[in-house]
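With the working numbering, the residue at position 63 of the sequence shown is 44, and numbering never jumps. Beta carbons: idealized from backbone N, C-alpha and C, even for Gly. Being a predicted model, the structure only gives us computed values, none of them experimental. Here is the structure we will look at, set down as structure tokens.
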Amino acid sequence: MSSKVTLKIVVLGDSFVGKTSLINQFINRKYSCDYKATIGVDLSTRQISLENQIVNLTVWDPSGSERFRCVSDSFFRGTDGCVLVCSLTSSESLNSLDQWIEDLTRFTGKDIPFVAVANKADVDEFEWQITQNKFEVWATMKKFKCFLVSAKDATNVENAFFELAELALKNTKFAQQMQPFVCIVI
């Protein structure tokens, strides 16, 4: 293994879509059915191996509540990638992802990779308000990789986070290559 890299990953979506449960499943490989609303921002970390590198993922979990939606640019500064989360049981949660994208893009001012996940794939399909096709069409229009996931049974959780980490790592390396070399002669 060569160098160590730290990537800041932000997980965005409305309240009750399961952002914290997804993060807990990815970080701790655990699911809890006890719901506790995130107040402000929670931070978690996990070290993974990717492309012969040790990658420290710092996963930011902001509240999905409307009152925390207008967070400052300092929260989003340095973001390397974003997991957008909607719930298959809430069509409104998919509709609001466009606003989350706009908010993040406005504050970061840079092109970052996104991965879209539709959570609660473990729920019976008759309870779904979003079809798999509708979700995939939305993600394709945005040019995002997308996954149907379940925080409860861990379906595709690792895949989604690893995909985003890989995209963010490539994006970071490309951005570093594009920085001009500066030489100061005194």
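{"query": "Three CB pairs or more closer than 8 Å across the stretch 34 to 45 and the stretch 86 to 98", "result": "no"}
{"query": "Residues that Gly62 bridges to, as DSSP identifies them", "result": "Ile(-10)"}
{"query": "Where Asp42 falls: helix, strand or coil (DSSP)", "result": "strand"}
{"query": "Given Thr(-13) as reference, the closest of Lys0, Gly59, Cys127, Leu3 once Cα atoms are compared", "result": "Gly59"}
{"query": "Reduced DSSP category for Asn100 - H, G, I as helix; E, B as strand; rest coil", "result": "strand"}
{"query": "Simplified DSSP state of Thr70, which is helix, strand or coil", "result": "coil"}
{"query": "Close-in-space but distant-in-sequence residues of the same chain around Leu69 (CB under 6 Å, 5 per side omitted)", "result": "Ala99, Lys101, Trp109, Ile111"}
{"query": "Other residues of its chain near Leu148: CB distance less than 6 Å, five sequence neighbours each side excluded", "result": "Pro94"}
{"query": "Which listed residue (Leu(-7), Ile29, Val(-2)) has its alpha carbon closest to that of Asn140", "result": "Ile29"}
{"query": "Nearest-angstrom Cβ-Cβ length linking Phe142 and Val64, presumed shorter than 8 Å", "result": "7 Å"}
{"query": "For Glu73 and Gly(-1), the rounded distance between their alpha carbons", "result": "14 Å"}
{"query": "Asp84 Cβ short of 7 Å to the ligand PLP heavy atom set", "result": "Within the structure as shown, the ligand PLP is missing, as the structure has no ligands at all."}
{"query": "For Leu129 and Trp119, the rounded distance between their alpha carbons", "result": "13 Å"}
{"query": "Backbone secondary structure at Ser25 - three-state DSSP", "result": "strand"}
{"query": "Pair within 8 Å by beta-carbon distance, Phe7 and Val138", "result": "yes"}
{"query": "Leu3, buried or exposed, once every other Cβ within 10 Å from all chains shown has been counted against 16", "result": "buried"}
{"query": "Secondary structure of Arg48, DSSP reduced to three states", "result": "In this predicted model, Arg48 has a pLDDT of only 42, less than 50, meaning its place in the structure is not dependable; the value taken from the coordinates is given anyway. DSSP places Arg48 in helix when its eight states are reduced to three."}
{"query": "Other residues of its chain near Met159: CB distance less than 6 Å, five sequence neighbours each side excluded", "result": "For Met159, the predicted model reports a pLDDT of 42, less than 50, meaning its position is unreliable; a value from the coordinates is still stated below. Taken in chain order, the list of residues that qualify is empty."}
{"query": "Secondary structure of Ser30, DSSP reduced to three states", "result": "strand"}
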